[in-house]
Amino acid sequence: MGDAFNYGGIRTQPEIISSDPFSLFEGWASEPDPMDLFSDSSDQDPFPTYYHDDGAVSHQLLPQAITELDGILIQRQVLLDPSNTNNNNPITHHNPNPDHSSAALFDLLRSGAPNSHRKRSSMNSRSNNYNPSNNNIIIQSAPAEDSSGKLSTEELLRIAGARFIQSSSKPGGDSNNNNAVSSNPFDLSFSGLSDEELKNVELAEFLLTAAEKVGDQQYERASTLLTECELQSSPDGDPVQRLVHYFCAALREKIERDTGKPQSRGPAKMEEIMMPPRECFLEFYDKVPFPQVSEFAAMQAVVDSVATSRRIHIVDFNIKNGEQWTIFMQALLSREVPVDCLRISAVAIMTREVMEETGKRLVNFAAAMSLPFSFHLVMLDDFADLKEDMLKLDTDETVAVLSEYLLTTLIAPAEKLDSVMRTITSLNPCVMVVTEVESNHNSPVFVNRFIESLFYSSAYFDCLETCMGRDSPHRKFVELTFFGEGARIIVAAEGEERAIRNVKMDVWRAYFRRFGMEEADLSLSCLYQAELVAKKFACWRYCTIGVDGKSLIVGWKGTPIHSVTAWKFNYE
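One point on numbering: in the UniProt record's numbering, the residue at position 196 of the sequence shown is 196, and numbering is uninterrupted.
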C-alpha cells in the first residue's frame with residue numbers, strides 16, 4: 001500500500017539566490033515485427049515475445065545478429081558522408097529484408113573500412129529544417145571518431161564483429177584464434193589501426209567468442225576465453241577494456257546461473273541504479289549531454305502543453321534530484337499567463353529521506369522565485385499499487401505526466417505495466433511526456449540481448465571517456481552502477497529478475513495505442529532547446545539529435561541513446 005507526504009506550498013517573499021541556478025538496432029530476423037505484437041485482440045501478454053525465455057540457442061545466432069547490426073552500422077556511415085545523396089536515413093529507416101550473405105557483408109566491410117572513416121573526421125553537418133510531416137530528420141549529426149583520429153569504441157567493436165563473423169563462417173574455423181589478424185584476407189582494410197586499436201579489436205573478438213560459447217552452453221570453453229578477457233581488461237583502462245571488463249562479469253554470472261553454481265553476487269537493486277549519489281549525479285549531469293538535452297526537451301513539451309493553464313499538477317514517476325523542475329518553474333514565470341498554483345506529485349518507491357530532501361529543495365526554490373507551489377510525495381512499495389485517489393486531484397487542475405526511464409522497468413510482469421497505464425489514463429492528463437532508452441534489450445534470445453546491450457553500452461562508454469575523463473571516480477561509479485549492474489541484469493538474469501527490458505519506440509507506439517494515446521508533434525521550441533543545450537557541452541559535436549516520426553532521438557556519434565515523446569489521450 002502507498003502513503004502520502006505533503007509539503008505546504010506557502011507563498012513567501014523571495015530570497016536572494018545565486019544567478020547560476022534510432023531505429024538502429026532493429027529486431028533480428030528470428031523475432032517478429034514489434035508492430036505485430038498487438039494483432040491479437042484478446043487480453044493476453046502485451047509483450048508476449050519479449051519476456052518468455054527460450055531454451056538452447058544455435059551457435060549461428062550470434063554471427064547472424066552481428067551481421068545485421070554490422071550492415072546497419074556501415075550504412076549509417078554512408079549517411080555521415082557529405083557526398084551521400086541518399087535521403088533514406090538509416091537511423092530511422094532500415095531494409096526489412098537485409099542480405100545476410102558473406103559476399104554482401106564483405107562488400108559492406110570494404111565500403112566502411114577504417115581508413116574511409118578517418119576521411120570523415122572533420123565533417124559535422126546539421127540541418128534545422130524541421131517539418132513535422134517529414135519522418136526522417138537529423139538536426140545535428142556527428143563524426144564517428146574523435147579529434148585525434150581514433151575510431152570510436154563502437155567502430156572497434158564493429159571491426160571485431162566482422163572478424164568474428166568471418167572466422168565463424170570458415171569451415172572448421174575458430175573465431176578465437178590468436179593469429180586471426182595475420183590470417184585475415186582483409187588485413188589491408190585494418191592497416192590504418194594503431195597497435196592499441198588492434199589489441200582492443202582482438203580483445204572484443206575474444207568477448208564475442210565467449211558469448212557464443214555461452215549461448216552454445218559450452219561453459220568450460222567460455223570460461224577459458226573469459227579468463228583471457230579478464231587478464232586484458234580493467235575498470236580503469238580505455239573504453240574497450242572497461243566495456244569488456246563489465247560484460248565479462250555479466251557472462252560469468254550467466255554461466256553461474258545456467259550451471260546452478262552459487263552466485264558470487266546477489267541481484268542488483270533497481271533503486272541503486274535509478275538513484276546514484278548526488279555528487280556523482282551532478283558531475284554526470286553537468287558533463288554528459290544526454291540528461292540535459294532530454295530533460296530540456298521534455299520540460300519544453302510540458303510547458304507547451306500547459307501554456308494557458310493557471311493551476312498545474314505535474315505527476316512525475318522518476319523525479320530523482322528534481323533539478324529539472326527548477327527549469328520548469330523558471331519557464332512558467334517567464335510566460336504571460338500567471339500561475340495560480342503549481343503542484344508536483346512525485347511517485348516513488350525509493351528511499352523516503354532522499355525524496356523528502358528533493359521536495360524541500362523544490363519548495364525552497366519556488367519560494368525564492370515567489371511561485372505558489374506544493375510538493376506531494378507518494379511512496380509506494382510497488383508502482384502497480386498506485387491509485388488515482390492517492391494523487392488528490394482537484395477538478396480545476398491541468399494534469400501533466402512525466403515518465404523518465406520508468407515504463408521499461410514495468411514490462412515484466414505485464415499486469416504491472418497495464419495497471420500503471422490504466423491509472424495514468426484515469427487522471428485525464430493533457431499530456432504524457434515519455435523519455436526512454438532507445439534500444440532493444442528485451443529479446444528472449446540471450447545472444448541478441450548481449451549484442452544489443454554491448455553495442456549500446458559501447459557508445460555510452462565512449463561518451464563517458466570523452467565527457468567525464470578516465471580519471472574521474474564518478475565516471476567509474478556510473479559505469480559500474482549503470483552499465484556493470486545493467487549488463488548483469490540484461491545478460492544474465494531471466495524471468496522477473498530481468499528488470500531492465502528496454503524496447504524501442506516502435507514497440508511503445510504499438511502499446512500506447514491500446515490506451516487511446518496519440519503521439520503529438522514536438523514543437524520547434526523543443527527541438528531548438530535540445531540543440532541549444534547540446535552545444536553547451538565541450539563534447540557537443542559528437543552528440544547527435546534527430547527526429548524519428550514525432551520522436552526526438554538523442555544519440556552519440558550516430559548511435560541512438562534516448563528518445564523523448566509527447567502523447568495525447570483520446571477519450572472519445
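Ideal placement from N, C-alpha and C gives every residue a C-beta, glycine not left out.
Just measuring C-alpha positions, the residue of 330, 533, 388 sitting nearest residue 422 is 388. Put simply, the backbone Cα of residue 210 is about 30 Å away from that of residue 149.
A check of alpha carbon separations from residue 257 across 241, 215, 153 identifies 215 as the nearest.
Between residue 376 and residue 392, the CB-CB gap stays under 8 Å. It is roughly 22 Å from the alpha-carbon of residue 199 to the alpha-carbon of residue 252.
In this structure, residue 404 keeps its C-beta atom at 8 Å or more from the C-beta atom of residue 312.
A distance of 8 Å or more separates the beta carbons of residue 346 and residue 299. Here the alpha carbon of residue 363 sits roughly 29 Å from the alpha carbon of residue 523. For residue 551, there is no enclosing alpha helix (DSSP H); the residue is part of the beta strand (DSSP E) that begins and ends at 551-556. Look at residue 560 here: in three-state DSSP terms it is strand.
Look at residue 458 here: in three-state DSSP terms it is helix. For residue 375, the enclosing beta strand (DSSP E) starts and ends at 373-379. No Cβ-Cβ contact shorter than 8 Å links residue 565 with residue 531. Membership of residue 395 in any alpha helix (DSSP H) is not indicated, and neither H nor E is assigned to it by DSSP. Our two residues, residue 382 and residue 409, have alpha carbons roughly 11 Å apart in a direct line. For residue 426, the enclosing alpha helix (DSSP H) has its first and last residue at 414-426. Contact between residue 302 and residue 400 is confirmed by a C-beta separation of about 5 Å, below the 8 Å threshold.
Assigned with DSSP and collapsed to three states, residue 431 falls in strand. With a contact defined as Cβ atoms closer than 8 Å, residue 372 and residue 333 miss out at about 11 Å.
Under the DSSP assignment, residue 299 falls in the alpha helix (DSSP H) whose first and last residues are 289-305. Going by DSSP, residue 517 is part of the beta strand (DSSP E) stretching over 517-520.
Using a Cβ distance threshold of 8 Å, residue 321 and residue 278 count as a contacting pair. Contact holds between the stretch 526-544 and the stretch 458-473, because three or more Cβ pairs, one in each stretch, are under 8 Å apart.
Counting the other Cβ atoms within 10 Å of the Cβ of residue 220 gives fewer than 16, which makes it exposed.
Bounds of any beta strand (DSSP E) do not take in residue 249; it lies within the alpha helix (DSSP H) bounded by 239-259. By the Cβ criterion, the stretch 474-493 is in contact with the stretch 232-246, since at least three pairs of Cβ atoms, one from each stretch, lie closer than 8 Å. Taking C-beta separations shorter than 8 Å and ignoring five residues to either side along the sequence, the partners of residue 337 in its chain run 307, 308, 309, 310, following chain order. Taking 8 Å as the cut-off, the Cβ atoms of residue 208 and residue 160 count as close.
In the DSSP assignment, the residues bridged to residue 342 are 312, 373. Residue 439 is a Cβ neighbour of residue 502, given a cutoff of 8 Å. The Cβ atoms of residue 445 and residue 407 lie no closer than 8 Å to each other. Residue 351 carries a coil assignment under DSSP once its states are collapsed to helix, strand and coil.
Pairing residue 154 with residue 559 gives a Cβ-Cβ distance under 8 Å. DSSP places residue 539 outside both helix and strand once states are collapsed to three, so it counts as coil.
DSSP places residue 192 in no alpha helix (DSSP H); its state is neither H nor E.
When rounded, the separation of the alpha-carbon atoms in residue 448 and residue 213 is 14 Å.
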